[in-house]
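Engineer: This note's numbering numbers the first residue of the sequence shown as 132 and each following residue consecutively.
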Amino acid sequence: MSNATALPISALRVRVEAILRNAGLNAIQAGAVARVIAAGERDACKSHGIYRIEGVLRTIKAGKVKPDAVPELVPQEGSAIVRVNANGGFANPAFELGLPALAERARSRGLAALVINDCAHISALWSEAEALTEQGLAGLVMCPSYSTVAPTGGNKPLLGTNPIAFGWPRAGKLPYVFDFATSVAARGEIELHRRAGKPLPEGWAIDAQGNPTTDPEAALTGAMLPFGGHKGSAIGTMIELLAGIMIGDLTSPEVLDYLGTTTLAPLHGELVIAFSPEAFTAGRAGDPFARAEVLFEAIAGQGARLPSQRRYAARAKSDAEGVALTATEMEQLDRLLTLGLDAVS
Ligand code: NDP
Numbered sequence: 132m133s134n135a136t137a138l139p140i141s142a143l144r145v146r147v148e149a150i151l152r153n154a155g156l157n158a159i160q161a162g163a164v165a166r167v168i169a170a171g172e173r174d175a176c177k178s179h180g181i182y183r184i185e186g187v188l189r190t191i192k193a194g195k196v197k198p199d200a201v202p203e204l205v206p207q208e209g210s211a212i213v214r215v216n217a218n219g220g221f222a223n224p225a226f227e228l229g230l231p232a233l234a235e236r237a238r239s240r241g242l243a244a245l246v247i248n249d250c251a252h253i254s255a256l257w258s259e260a261e262a263l264t265e266q267g268l269a270g271l272v273m274c275p276s277y278s279t280v281a282p283t284g285g286n287k288p289l290l291g292t293n294p295i296a297f298g299w300p301r302a303g304k305l306p307y308v309f310d311f312a313t314s315v316a317a318r319g320e321i322e323l324h325r326r327a328g329k330p331l332p333e334g335w336a337i338d339a340q341g342n343p344t345t346d347p348e349a350a351l352t353g354a355m356l357p358f359g360g361h362k363g364s365a366i367g368t369m370i371e372l373l374a375g376i377m378i379g380d381l382t383s384p385e386v387l388d389y390l391g392t393t394t395l396a397p398l399h400g401e402l403v404i405a406f407s408p409e410a411f412t413a414g415r416a417g418d419p420f421a422r423a424e425v426l427f428e429a430i431a432g433q434g435a436r437l438p439s440q441r442r443y444a445a446r447a448k449s450d451a452e453g454v455a456l457t458a459t460e461m462e463q464l465d466r467l468l469t470l471g472l473d474a475v476s
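1. Measuring alpha carbon to alpha carbon, tell me which residue in E348, D338, Q340 and P343 is nearest L323.
2. Any heavy atom of the ligand NDP within a distance shorter than 7 Å of the CB on L437?
3. Beta-carbon separation of K195 and L373 under 8 Å?
4. Taking the C-alpha atoms as reference points, what is the distance between E462 and R166?
5. Hey, how far is the Cα of F411 from the Cα of G162?
6. Quick test of the definition: if touching needs 3 or more C-beta pairs under 8 Å, does the stretch 154 to 161 touch the stretch 197 to 205?
7. Would you say the beta carbon of T352 comes nearer than 7 Å to a heavy atom of the ligand NDP?
8. For the candidate residues P282, N223, G267 and A232, whose alpha-carbon lies nearest to that of L256?
9. Locate the alpha helix (DSSP H) running through H324, then write down its first and last residues.
10. Regarding L381 and the ligand NDP, is the C-beta to nearest heavy atom distance less than 7 Å?
11. Under 8 Å Cβ to Cβ from F427, same chain only, skipping five residues before and after it: list those, please.
12. According to DSSP, is R314 helix, strand or coil?
13. In angstroms with no decimal places, state the Cα-to-Cα distance between P384 and T352.
14. Return the residue from the list Q207, A211, E401 and R238 that minimises the CA-CA distance to I378.
15. Please report the Cβ distance between G319 and H179, rounded to the nearest whole angstrom; I am assuming they are in contact, meaning their Cβ atoms lie under 8 Å.
16. Tell me whether the beta-carbon of V315 lies closer than 8 Å to the beta-carbon of V403.
17. Whole angstroms are fine: how far does the CA of T457 sit from the CA of M132?
18. In the DSSP assignment, what are the bridge partners of I404?
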């Protein structure tokens, strides 16, 4: 496939936003969702770039997201918890709404949490971890998904792919950020292998009978496996507890019951925890940011790369040359704009 064009990130964002507006999303949701989709494409995170648009459109068409929803801050005076009700809309504008209050409370108290309830979710979590670091905060972001992962030792989908991201701010440098699914791979990766007709690496999935498989079709009807065996299984379970049950929102099995399919964006909650490194180190020797740099240098000094380094390199290239899209991808964007919800079944 040839590269048809290289679009400036702003032009890609405008295009994605126009598609989403044309499909019925209100301005606040279309703007926030377009920002994360364009950022995903810019950072060469193909499973969370323009590939996500069709899923957004399918979810609108199925009536499983409220296209006119406006997120609301739920008053919780005196609490370290900032709660935003997405009111059935996408999570992204809810995060943008809650971030200033979260950052203010984390700075003044040392620790604060943002709870987002009743949100449709399509995003990678790194953009939110990065947003915390831009406020000088460290943070954790997590959410459930829908049942597609068998617990270690089990044989049926139960847990979600349950992503978790962490960010640490670095003065004058891009932050330390990692972000991964607690399954061996994100479900979008399985779908991308299926579309490309490529077998999955060993150890990613089991089929409907519980046998190991490298066939993406069989994996999609069977179950994915947690990363790191029992360790990923336990972390995935923790995310169901903290970012599902504890915040009064749906767990991955409940999301699947509600949706009845894994082809639409899941509706659940999200938990963001922000830490002020200065507040935690108060009274102790050493600047936490300077000490973190010593650690990062030691990691790099062994020839290991830091997480997000690949993404930041892709971002630098996209910023300099534009976001490279193939002719097929450009045609797809045109098609989605022209056909709107008729483009998806
Ligand atoms: P990857 O395995 O692709 O990457 C995981 C993280 O590890 C990234 O931060 C990556 O940085 C880093 N990394 C990868 N290789 C190395 C290495 N050799 N050395 C150091 N760091 C490395 O992630 P997944 O496939 O598990 O997840 C992809 C995305 O899917 C995530 O963004 C996640 O949020 C999202 N997701 C969203 C869900 C949802 O419901 N909203 C559900 C599940 C996943 P780099 O990017 O620079 O390579």
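Glycine is no exception: its CB is placed at the ideal position from the N, C-alpha and C atoms.
Source: prediction; values computed, not measured.
Structural biologist: Inspection of the coordinates gives the following:
1. E348
2. yes
3. no
4. 20 Å
5. 35 Å
6. yes
7. no
8. N223
9. R318 to A327
10. no
11. R301, Y307 and L437
12. Residue identity check: residue 314 is Ser in the sequence provided, not Arg. Three-state result, S314: strand.
13. 16 Å
14. E401
15. 7 Å
16. no
17. Caution applies to M132, whose pLDDT of 47 falls short of 50 and renders its modelled position unreliable; the value that the coordinates give is listed next. Each residue's Cα considered, the two are about 6 Å apart.
18. A244 and L271
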